[in-house]
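Protein chains in written order, with the working numbering: chain A, 165 to 564; chain B, -13 to 255.
Here the structure comes first, spelled out in structure tokens, and everything after it is commentary.
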Amino acid sequence: MNELLAQFREWRGALQRTLPSWSGRAAAVALLIGGAALPFFFSDASNFVNKEVVVLAYVVFALGLNIVVGFAGLLDLGYVAFFALGAYTLGWFGSDFFFKAHLHVLVSSYAGSVPGIHLNFLLILVCAALITASAGALIGLPTLRLRGDYIAIVTLAFGEIIRVFAINGSSIKVAGMPVTAGVLGISGIDAPYEPGIGTFNELNVKPWYWTIYALVLLTLFVNVRVRDSRLGRAWIALREDEVAAVSMGIPLVRTKLYAYSLGAAFGGISGAFLGAYSTLVSPDQFQFGFSIFVLAMVIVGGLGSIWGVVLGALLLANINYYLIPDVLNSLPGDFGLNFSLTDLNVAIFGFLLVLVMVLRPQGLIPERRRKLELTGGIGETELEEPGTGWTGVEPGETSR
Amino acid sequence: MSVEAAPATYAPSTEAILNAESVSKEFGGLRAVSDVSVDIPVRSIVSIIGPNGAGKTTFFNMLTGLYRATSGRIVFLGSDITHTRPDLITKMGVARTFQNIRLFRAMTALENVVVGRHVRMRAGLFGSIVRTPWVRAEEREVRQKAADTLSYVGLKRSAFGQLASNLSYGDQRRVEIARALASDPKLLLLDEPTAGMNPHESAALTDFMRKMRDDLQLTILLIEHDMRVVMDVSERITVLDHGEKIAEGAPADVRTNQRVVEAYLGKQG
Chain A
165 MNELLAQFRE
175 WRGALQRTLP
185 SWSGRAAAVA
195 LLIGGAALPF
205 FFSDASNFVN
215 KEVVVLAYVV
225 FALGLNIVVG
235 FAGLLDLGYV
245 AFFALGAYTL
255 GWFGSDFFFK
265 AHLHVLVSSY
275 AGSVPGIHLN
285 FLLILVCAAL
295 ITASAGALIG
305 LPTLRLRGDY
315 IAIVTLAFGE
325 IIRVFAINGS
335 SIKVAGMPVT
345 AGVLGISGID
355 APYEPGIGTF
365 NELNVKPWYW
375 TIYALVLLTL
385 FVNVRVRDSR
395 LGRAWIALRE
405 DEVAAVSMGI
415 PLVRTKLYAY
425 SLGAAFGGIS
435 GAFLGAYSTL
445 VSPDQFQFGF
455 SIFVLAMVIV
465 GGLGSIWGVV
475 LGALLLANIN
485 YYLIPDVLNS
495 LPGDFGLNFS
505 LTDLNVAIFG
515 FLLVLVMVLR
525 PQGLIPERRR
535 KLELTGGIGE
545 TELEEPGTGW
555 TGVEPGETSR
Chain B
-13 MSVEAAPATY
-3 APSTEAILNA
7 ESVSKEFGGL
17 RAVSDVSVDI
27 PVRSIVSIIG
37 PNGAGKTTFF
47 NMLTGLYRAT
57 SGRIVFLGSD
67 ITHTRPDLIT
77 KMGVARTFQN
87 IRLFRAMTAL
97 ENVVVGRHVR
107 MRAGLFGSIV
117 RTPWVRAEER
127 EVRQKAADTL
137 SYVGLKRSAF
147 GQLASNLSYG
157 DQRRVEIARA
167 LASDPKLLLL
177 DEPTAGMNPH
187 ESAALTDFMR
197 KMRDDLQLTI
207 LLIEHDMRVV
217 MDVSERITVL
227 DHGEKIAEGA
237 PADVRTNQRV
247 VEAYLGKQG
């Protein structure tokens, strides 16, 4: 295994030497265009692009959770709460659910003719981000004084509370209207409509795909920028040593709440999108298993590593939503066995997770820092510049 | 042994940068610090000494806001910081190092110092995402300043990009001091900075403390066990024992103080 890796590293080094310096950038652009052009390579009859829309939504979820768990080191087991809140934001502001209200902002002519609150899809995404960000801060508040496993338990409870609230919310009346639709869920969701583009429909998957593709790019952009910023460094400092971090002037409450809020906002955006894509918002979508599934993507990819998390999400979501149900499902039948592969879904996942954790516990693409801990340093420049102040102590000769 | 309360002839000095006025800290039934009053004159080097468990680090933690004093008052530059949050105290100009080095181990030496600069930076969430020109300029400036500070404490340039956990012990101590200096403190608290150093290294650090004080116009408060360092560098010494202040004064006075000798060596006869 190690020899293989060393060989691979050598090849990569050789490749980097022969390729011109702009090759990395060119590869990124090619990947970007390739991703955007993906729907053209598959016929409308193929289910693949449909499934990729869901997969990309999970990439957004995983990147959001990575901010909380990976960057700030706060183990959150209730991420499903933000999926639910985002989806319900869509249900509230993009359907005839609040039947007594009449509010229409930039919607299709059909949606404009029915009662209820109907906002433009992009506006709904913004609302979902704002609402879940506030909820994230709210959920974060009671966990501020907790550490590690205790945070996990509290967030887990919040995830469950939201689900139970969604089930029982139909008994809570605001202005004569229920807050949620109970176990039935909110149906009759408006199809997203954008002026100049038209209404999205189920027959043409391309607008859906490009919308979520754009959201993934936006999420990536924000993640990369924040990671390399003052705030990103403050998160890592808090994760590494809370006492030292506050002594260095990092405000504990604000910094942690930023992590919860930003992570939650992406969960909300993606949740609203998935709600629109499935045209239904119902409580049984918001199971505890979802939180674990997204957490598995983050850990398999590499805690705190943006590209690792993208890879982890693409891999696990594809296996779960495309490979097992669509491609390999009939495999046992071909061998004359009387079951389908979806029955083994959980077993397959368990096996894969154990495999990854045994072979590569640091994740598929580990965070740069974690890798550094093994290899030494970055930019080992051989500049010799004697210190101006504290001379007389030679580094290295110090005794412990 | 019976220890009488410290004499109540305490009068706050007008030129003090920090006054602790009969500060106490109780953990449950344990009185870790009891009625301790200390004045730290501007641009002085003051040491707090005492046997293990005397309450020195607890006192430090109260000054930096990590612990809240049970009673008493702490005044820094004229404002009461007894109940102020640690990050705000840092912003006001108090920085510290720790007895057991507490660097951010997964960050490079340079990044550690950049984090130390956090309170003097302005970039928020929005600025970080959009990365406006002034945020870029701030980031560049802070990195340059961090590199300068690391050079100042004598870290080799080749170590700037090394992870803190991979640095040698002596270098980790340097980085910790640089991280504290990055916030432009007026008062620097050093918690046993020479722990684990040989006499040669301790002497170098002692000289460096004076240099820092003069270059950066700092006031330095020091917890130290190494008596050679303490007697050499301090202008004033406060001695704690069992949470109480048992002596205070110039090194020569403290050295001959009967109660200090008793606290360290036990009662004779």
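Even glycine gets a Cβ: it sits at the ideal position worked out from N, Cα and C.
Proximity below 8 Å, CB of residue i to CB of residue j
i, j, result
"S114 (chain B)", "L395 (chain A)", "yes"
"G465 (chain A)", "L528 (chain A)", "yes"
"T94 (chain B)", "I163 (chain B)", "no"
"V99 (chain B)", "A168 (chain B)", "yes"
"L49 (chain B)", "I60 (chain B)", "yes"
"E210 (chain B)", "E178 (chain B)", "yes"
"I433 (chain A)", "A293 (chain A)", "yes"
"A226 (chain A)", "V520 (chain A)", "no"
"V22 (chain B)", "F45 (chain B)", "yes"
"G58 (chain B)", "S8 (chain B)", "yes"
"A200 (chain A)", "W374 (chain A)", "yes"
"A236 (chain A)", "A423 (chain A)", "yes"
"L475 (chain A)", "I488 (chain A)", "no"
"M412 (chain A)", "G41 (chain B)", "no"
Distance between residue j and residue i (C-alpha atoms, nearest Å)
i, j, result
"V388 (chain A)", "N230 (chain A)", "12 Å"
"T180 (chain B)", "R106 (chain B)", "28 Å"
"E248 (chain B)", "K11 (chain B)", "24 Å"
"I542 (chain A)", "L111 (chain B)", "With a pLDDT of 45 at I542 (chain A), under the threshold of 50, the modelled position of this residue cannot be trusted, and the question is left open."
"V390 (chain A)", "F322 (chain A)", "26 Å"
"L149 (chain B)", "D200 (chain B)", "30 Å"
"A481 (chain A)", "F212 (chain A)", "12 Å"
"L402 (chain A)", "S393 (chain A)", "14 Å"
"H268 (chain A)", "D498 (chain A)", "53 Å"
"A145 (chain B)", "G300 (chain A)", "39 Å"
"L426 (chain A)", "I400 (chain A)", "15 Å"
"Y486 (chain A)", "K215 (chain A)", "6 Å"
"F450 (chain A)", "R327 (chain A)", "6 Å"
"D157 (chain B)", "L141 (chain B)", "7 Å"
Cβ of residue i within 8 Å of any chain A Cβ
i, result
"E97 (chain B)", "yes"
"T76 (chain B)", "yes"
"P237 (chain B)", "no"
"A92 (chain B)", "yes"
"P179 (chain B)", "no"
"L4 (chain B)", "no"
"S65 (chain B)", "no"
"N84 (chain B)", "Sequence inspection shows Phe at residue 84 (chain B); the Asn mentioned does not correspond to that position. Judged by the 8 Å Cβ criterion, F84 (chain B) is in contact with chain A."
DSSP-derived helix/strand/coil call for residue i
i, result
"S259 (chain A)", "strand"
"R418 (chain A)", "helix"
"G276 (chain A)", "helix"
"L184 (chain A)", "The residue asked about is misnamed: residue 184 (chain A) is Pro in this sequence, not Leu. Correct three-state label for P184 (chain A): coil."
"A226 (chain A)", "helix"
"N47 (chain B)", "helix"
"I376 (chain A)", "helix"
"M412 (chain A)", "coil"
"G360 (chain A)", "coil"
"K11 (chain B)", "strand"
"A190 (chain A)", "helix"
"L208 (chain B)", "strand"
"N5 (chain B)", "strand"
Short CB-CB distance (under 8 Å) between residue i and chain B
i, result
"R394 (chain A)", "yes"
"R533 (chain A)", "yes"
"S411 (chain A)", "yes"
"R389 (chain A)", "yes"
"V473 (chain A)", "no"
"P415 (chain A)", "yes"
"W399 (chain A)", "no"
"V380 (chain A)", "no"
"E404 (chain A)", "yes"
"V386 (chain A)", "yes"
"Y377 (chain A)", "no"
"L294 (chain A)", "no"
"Q171 (chain A)", "no"
- Message: To be precise: take each residue of the segment 100 to 129 of chain B, compare its Cβ to all Cβ atoms of chain D, and keep it if any distance is under 7 Å. Which residues remain?
- Response: No chain D appears in this structure, whose protein chains are A and B.
- Mind pulling the alpha helix (DSSP H) runs of 4 or more residues that sit fully within the segment 431 to 519 of chain A? 452 to 465, 470 to 482, 495 to 498
- Taking the runs of the beta strand (DSSP E) that are 3 residues or longer, which of them lie wholly in the segment 105 to 187 of chain B? 173 to 177
- Could you give the uninterrupted runs of the beta strand (DSSP E) lying entirely in the segment 270 to 357 of chain A, keeping only those of 3 residues or more? 280 to 283
- Segments assigned beta strand (DSSP E), at least 3 residues, entirely inside the segment 219 to 251 of chain B: 222 to 227, 230 to 235
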